[in-house]
Amino acid sequence: SEIEAGLVAQNIYLNTVQEHLGTVAVGAFEDEGLSFLTGVERPLYLLPLGYPAR
């Protein structure tokens, strides 16, 4: 569900900060293309990980 996805995203945010990384929730993407690439039936978020700008 959307609520569970939000809770998972929150945990990812918290863990990335702990590991000195950064992330941002991306909700604007082409659903069909992402589904094809990832095999996820109904994607809700993208959470790219990386090093935050200093």
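Sequential numbering from 1 applies to the sequence shown in UniProt numbering. C-beta: ideal position from N, C-alpha, C; glycine also.
Opposing strand residues paired with Leu34 [DSSP bridges]: Position 34 of the sequence shown, counted from the first residue, corresponds to residue 34. Paired residue(s): none; Leu34 is not in a bridge.
Chain D contact for Leu14 (CB, 8 Å cutoff): The chain labelled as chain D is not found in the depicted structure, where only one protein chain is given.
Sequence-distant residues of its chain with Cβ nearer than 8 Å to Val26 (five each side left out): In the sequence shown, the residue the question calls residue 26 occupies position 26. The residues are Tyr45, Leu46, Leu47 and Pro48.
Identity of the residues DSSP links to Thr23 by a beta bridge: Position 23 of the sequence shown, counted from the first residue, corresponds to residue 23. Beta-bridge pairing links Thr23 to Leu49.
Test item: CB-CB of Gly50 and Leu21 under 8 Å: Position 50 of the sequence shown, counted from the first residue, corresponds to residue 50. Position 21 of the sequence shown, counted from the first residue, corresponds to residue 21. Result yes, Cβ atoms of Gly50 and Leu21 sit closer than 8 Å.
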